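Reviewing the structure listed below.
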Amino acid sequence: MFKKTIPLYLLMAAAATGCVSQKKYDTLLAEKVRLEALQTECEEKLAVANSGIQRLEQQRSELEAERSKLQQELGQTSQDLQARQKAYKELEDYYNNLVNTSGKLQGDLSEQQKRLISAREELEATRRRNEELATNLQERERRVNELEKLIAEKERVVSQLRQKVSDALLNFKENDLTVEVRNGKVYVSLAEQLLFKSGSTQVDPKGQKALQQLAGVLKDSRDINILVEGHTDNVPMNKATACISDNWDLSVLRATSIVNILQKSGVGPDRITAAGRGEFVPVTANTTADGRAKNRRTEIILTPKLDELFQLLESN
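Position one of the sequence shown corresponds to residue 1 (the UniProt record's numbering), numbered consecutively onward.
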């Protein structure tokens, strides 16, 4: 579960005074609870989005299997149709021959007439079934093509976004940041040494430059949602303050600091979510200094909006 952010300007005001009144503290606490609820809602929507993608992938596989089955049935009914057409022609020829025979064959002629009518009805039923199968096959092919196009477009957008972000951050060292695609999303991971001094929530000038360059890409990518996650190692805070009591608070405030820089650099605030994960989502063990350094990071997670995929899923 995320630990949500408290607006930075309130926390800075509290820190400036050194302490807060009970009323202000209650107000801040209420705001924090509200943001926790909002973050939980965002997580649930993201989970629904990921589930929707999986369902679409599964539907695509099912539709392809159904298409293959329909193609087989279409081939079989086409063969049946040809066979029935041939039998009908033979019956028709036989009937015409009977018409020219003597009256003693009238009984047999009546029976053959019945068979001819029955064959005609079967032939028409087979033709209708053949048309229905062809229509169903076309509809399933259309739906499969739509799903494939939407999924391919999403993958293309993610790939282009990763390239744009990588190009914008080329002048930074590899051990300061990484850009990669995971689970259909672009992850920009920024190390603590690029952004913050130990225990601080103020972004260093070098880190501000990196975030401003990243914002230059994101502000024009309006179909991308942005989640900023703060992460720490498992070492407790040396000295708690009025605003920072543990690693939860530190990760939340750092994420909020980055959100503020992105917003001031032109990224719409309605697309950004700030979250603190504390020490509970490490990328490696905290047993060494190097491992702890890797865990002290900020991840900016870029996710394409999935409105069209949801609409197609609901229509199915």
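All C-beta atoms, glycine included, are put in the ideal place defined by N, C-alpha and C.
Being a predicted model, the structure only gives us computed values, none of them experimental.
Checklist entry - Could you give the distance in angstroms between the alpha-carbon of ILE300 and the alpha-carbon of GLU141? => result Translated into positions along the sequence shown, residue 300 becomes position 300. Translated into positions along the sequence shown, residue 141 becomes position 141. C-alpha separation (whole angstroms): 38 Å.
Next on the checklist: Could you give the first and the last residue of the continuous alpha helix (DSSP H) run that contains GLY230?
Outcome noted: In the sequence shown, counting from the first residue as 1, residue 230 sits at position 230. Looking at the DSSP string, GLY230 is not in any alpha helix (DSSP H); the run it does join, the beta strand (DSSP E), is 224 to 231.
Checklist entry - When we look at the beta-carbon of ASP167 and count the other beta-carbons within 10 Å, is it buried (16 or more) or exposed? => result For the purposes of this step, residue 167 is taken as the residue at position 167 of the sequence shown. ASP167 comes out exposed.
Item to check | Exposure label - LYS185; buried when at least 16 CB within 10 Å | outcome: Numbered from its first residue, the sequence shown carries residue 185 at position 185. Burial call: buried.
Checklist entry - Residues in its own chain within less than 8 Å of THR77 by CB, not counting five upstream and five downstream? => result Residue 77 sits at position 77 when you count from the first residue of the sequence shown. Closer than 8 Å at the Cβ level, and outside the excluded window around THR77, lie THR126, ARG129, ASN130, LEU133.
Next on the checklist: In whole angstroms, give me the CA-to-CA distance for LYS32 and ARG162.
Outcome noted: Counted from its first residue, the sequence shown places residue 32 at position 32. Counted from its first residue, the sequence shown places residue 162 at position 162. In a straight line, the C-alpha of LYS32 is about 32 Å away from that of ARG162.
Checklist entry - DSSP state of LYS186, grouped into three classes? => result Here residue 186 refers to the residue found at position 186 of the sequence shown. The sequence shown places Val at residue 186, rather than the Lys named in the question. Looking at VAL186 - three-state DSSP - the assignment turns out to be strand.
Checklist entry - Going by beta carbon distance, what residues of the same chain come within less than 8 Å of TYR9, once the five residues before and after it are set aside? => result Taking the sequence shown and counting its residues from 1, one reaches residue 9 at position 9. Note that TYR9 scores a pLDDT of 49, beneath 50, so its modelled location is shaky; the value from the coordinates is reported in the next line. Nothing meets the Cβ criterion.
Item to check | Span of the alpha helix (DSSP H) around ARG120 | outcome: Looking up residue 120 in the sequence shown gives position 120. Note, ARG120: alpha helix (DSSP H), 106 to 168.
Next on the checklist: Pull the bridge partners of LEU253 from the DSSP assignment, please.
Outcome noted: Sequence index remark: in the sequence shown, residue 253 carries index 253 (1-based). Answer by DSSP bridge pairing: none, since LEU253 is not bridged.
Item to check | CA nearest to the CA of PRO236, picked from GLU279, PRO269, CYS243 | outcome: Taking the first residue of the sequence shown as position 1, residue 236 is located at position 236. Considering only alpha carbons, the answer is GLU279.
Checklist entry - LEU169 and VAL179 look like a contact to me (Cβ under 8 Å); what is the Cβ gap, rounded to whole Å? => result Position 169 of the sequence shown holds residue 169. Position 179 of the sequence shown holds residue 179. Right, their Cβ atoms sit about 7 Å apart.
Item to check | Boundaries (first-last residue) of the beta strand (DSSP E) holding ARG297 | outcome: Here residue 297 refers to the residue found at position 297 of the sequence shown. First-last of the beta strand (DSSP E) with ARG297: 297 to 304.
Checklist entry - Cα-Cα, which of GLY199, ASN145, ILE226 is closest to SER61? => result For this step, residue 61 is matched to residue 61 along the sequence shown. Cα-wise, what sits closest to SER61 is ASN145.
Checklist entry - For ALA119, which of ASP80, GLN72, THR40, ALA30 has the nearest alpha-carbon? => result For the purposes of this step, residue 119 is identified with residue 119 of the sequence shown, where counting begins at 1. Ranking ASP80, GLN72, THR40, ALA30 by Cα distance to ALA119 puts ASP80 first.
Next on the checklist: Could you compute how far the alpha carbon of LEU190 sits from the alpha carbon of LYS294?
Outcome noted: Looking up residue 190 in the sequence shown gives position 190. Looking up residue 294 in the sequence shown gives position 294. Each residue's alpha carbon lies about 10 Å from the other.
Next on the checklist: Among the candidates GLY207, ALA87, LEU262, ASN183, whose CA atom is the shortest distance from the CA of ILE117?
Outcome noted: In the sequence shown, the residue the question calls residue 117 occupies position 117. Looking at the Cα atoms, ALA87 is the closest of the given residues.
Next on the checklist: I need the straight-line Cα distance from ASP204 to ILE258, nearest angstrom please.
Outcome noted: As a first step, residue 204 is located in the sequence shown; it is residue number 204 there, counting from the start. As a first step, residue 258 is located in the sequence shown; it is residue number 258 there, counting from the start. Taking the straight line from one Cα to the other gives about 11 Å.
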